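Residue numbers (the UniProt record's numbering): 1 to 602.
Shown next, in structure tokens, is the structure this report addresses.
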């Protein structure tokens, strides 16, 4: 029956409601409460509920479900439980939807035991649970690592008259994938397909990733190729998983083949895929393939993110592809990208490696204009470059940068100090280097390490202050956590040989093995043999050479070309050609190639 014309006016409708001409039923009130809850106005919803109770209305389950659902979404656990209790006290039995709301809520707030308790109540009340609720519980159990309980519930679903859907199977497969039980995940997939439930791309991508993780790339590719048969089209994530794994196992060509197939099917790669390929080329040191790929990416209008740009630039400089690195940086700026401190530090590193210290310094002084402050890496890179130059003026500039570093409140570390000490030693200012070693801990808490002492020992030996170098080695013995290593002893042995104290060098070599717990290496023996040859003790050098080839103590340290060349040079100078021929025969028998240098010596 059509509404009377006088009642169509909204004002008249409100008057009519108040006068009782139009009487809303419980269904209408339920809609009103649900609307209030949907708008987040629980206070109004409870106001309507209170009004209904005052009027003595019999409330239906829909009203309570709306309020319990709203309370659960607001995280009001106790209030939701209280409302559930009240509805039963008021003679309104919960429905399957009520139980489902509570179970989903408890799973969402990580209270899986409460969810299972409510499921027990559902079964006792004779209510059937739906697939959404049970899938939610299975997911909660899986998240808690209770995979056995999850599988038991999964098997009980059939007894409860509930058929698992793609979500249920997906939850179990995802869980098995996370705990590295790929065989179980594949078994669930088989069960899923037998039930006539088709897997989606998320499920299959998860399985492909799991197979790749176990090194079963061939099986992963088989599953990938079967996806169309299952009515499922691979997406960007699927392709990305395969390409990423091919990169990890150094099969970059296979990764490129997947990319080609992807493009052929019209699926556009995202930057994660391109990043995986770029890093794969880096790993296999195929810089020109990287350049080709970069051109392809740029032609397609893609831009790398800052992290990838930084990685590419840094890789180029680390591997001495300076022009390529600078070219990519120029492209980076043309794209309107803003460099970070990491980018600028990479550029400074590249300039320093290319021995363009003036340009590196210029960029360093432009930092403030670009909105950046140099950090410890910036200072360390510049100091390292200045101090390895072996030029007095340049080393001094390294100390200027060091001063600016301190002025701006940055604390140097042991690596920075080692570079400064190396710089001073390289220009024979060893006393200043010694002072720096003594003060580095006092001033900044930087403990000298074995590199620090080795640098200073080398500096002292270079200016024939071998006794002081020996004292420093003894000091290292007494210093906790800074024992001399083979480099320390080799440096001291070289120093002793350079001042013709070869007998002491020989004693030290023997002590290394017998009492110092440090095995001599090929450099040790080559240094000692050179020392013996320099003082005219060629027979001693020959004996040591033959000991290296036969002595059980040092049999692992086989003579190399340098060893033989040193002795051949010495024998040639003495005109002992018969002995030279003997050494050449020994050299050939030892499998050491005879170079042109040895023939030119003769």
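Glycine included, every Cβ here is placed at the ideal spot set by N, Cα and C.
Given the structure is predicted, the values throughout are model-derived calculations rather than measurements.
Please state if the CB of residue j and the CB of residue i are separated by a distance shorter than 8 Å.
i: residue 347; j: residue 363; result: yes
i: residue 119; j: residue 104; result: no
i: residue 297; j: residue 321; result: no
i: residue 487; j: residue 469; result: no
i: residue 395; j: residue 387; result: yes
i: residue 235; j: residue 278; result: no
i: residue 208; j: residue 238; result: yes
i: residue 493; j: residue 455; result: no
i: residue 151; j: residue 134; result: no
i: residue 175; j: residue 147; result: yes
i: residue 352; j: residue 381; result: yes
i: residue 137; j: residue 107; result: yes
i: residue 182; j: residue 211; result: yes
i: residue 574; j: residue 515; result: no
i: residue 518; j: residue 485; result: yes
i: residue 502; j: residue 531; result: yes
i: residue 533; j: residue 498; result: no
i: residue 246; j: residue 255; result: yes
Using the Cα positions of residue i and residue j, report the straight-line distance between them to the nearest angstrom.
i: residue 584; j: residue 508; result: 29 Å
i: residue 471; j: residue 453; result: 11 Å
i: residue 450; j: residue 438; result: 14 Å
i: residue 339; j: residue 333; result: 8 Å
i: residue 592; j: residue 560; result: 7 Å
i: residue 172; j: residue 116; result: 18 Å
i: residue 132; j: residue 99; result: 12 Å
i: residue 419; j: residue 242; result: 44 Å
i: residue 577; j: residue 590; result: 20 Å
i: residue 605; j: residue 273; result: Summary: the structure shown does not reach residue 605, with the chain confined to residues 1 through 602, and so no result is reported for it.
i: residue 214; j: residue 482; result: 42 Å
i: residue 248; j: residue 281; result: 11 Å
i: residue 2; j: residue 111; result: Only weak support exists for where residue 2 lies, its pLDDT of 49 falling under 50; the value from the coordinates is given anyway. Whole-angstrom Cα-Cα distance: 52 Å.
i: residue 477; j: residue 489; result: 12 Å
i: residue 16; j: residue 114; result: With a pLDDT of 48 at residue 16, under the threshold of 50, the predicted position of this residue should be treated as unreliable, though the coordinate-derived value follows. Between residue 16 and residue 114, the C-alpha separation is close to 47 Å.
i: residue 624; j: residue 461; result: This structure cannot settle anything about residue 624, because the visible part of the chain is limited to 1 through 602.
i: residue 555; j: residue 522; result: Because residue 555 carries a pLDDT of 43, less than 50, the predicted location of this residue cannot be relied on, and the following value inherits that uncertainty. Each residue's alpha carbon lies about 11 Å from the other.
i: residue 83; j: residue 69; result: 10 Å
i: residue 500; j: residue 406; result: 43 Å
i: residue 535; j: residue 567; result: 12 Å
i: residue 316; j: residue 299; result: 21 Å
i: residue 294; j: residue 350; result: 20 Å
i: residue 466; j: residue 314; result: 41 Å
i: residue 496; j: residue 357; result: 36 Å
i: residue 393; j: residue 542; result: 45 Å
i: residue 244; j: residue 197; result: 29 Å
i: residue 13; j: residue 61; result: Its pLDDT being 43, under 50, residue 13 is placed unreliably by the model, and the measurement read from it follows with that caveat. If you take the alpha carbons of residue 13 and residue 61, they lie about 28 Å apart.
i: residue 221; j: residue 145; result: 29 Å
Based on Cα-Cα distance, which residue from the options lies nearest to residue i?
i: residue 373; options: 581, 142, 343 and 455; result: 343
i: residue 385; options: 371, 481, 359 and 312; result: 359
i: residue 94; options: 121, 324, 144 and 78; result: 121
i: residue 310; options: 207, 329, 235 and 292; result: 329
i: residue 276; options: 264, 267, 210 and 258; result: 258
i: residue 440; options: 417, 533, 504 and 496; result: 417
i: residue 587; options: 138, 558, 570 and 79; result: 558
i: residue 354; options: 319, 371 and 368; result: 319
i: residue 336; options: 365, 303 and 267; result: 303
i: residue 139; options: 289, 168 and 389; result: 168
i: residue 432; options: 442, 459, 409 and 408; result: 459
i: residue 194; options: 163, 141 and 565; result: 163
i: residue 270; options: 240, 403 and 506; result: 240
i: residue 463; options: 484, 426, 186 and 529; result: 426
Name the two residues that bound the continuous alpha helix (DSSP H) containing residue i.
i: residue 513; result: 502-514
i: residue 523; result: 522-534
i: residue 475; result: 466-478
i: residue 369; result: No alpha helix (DSSP H) contains residue 369, which DSSP labels as neither H nor E.
i: residue 499; result: Where residue 499 is concerned, there is no enclosing alpha helix (DSSP H), given that its DSSP letter is neither H nor E.
i: residue 348; result: 341-353
i: residue 307; result: 306-318
i: residue 159; result: 147-159
i: residue 254; result: 252-264
i: residue 215; result: First-last for residue 215: undefined, no H or E at that position.
i: residue 589; result: 577-589
i: residue 101; result: 96-108
Next on the checklist: Can you confirm whether the segment 406-417 touches the segment 445-461 when touching is taken to mean that 3 or more C-beta pairs between the two stretches lie within less than 8 Å?
Outcome noted: yes
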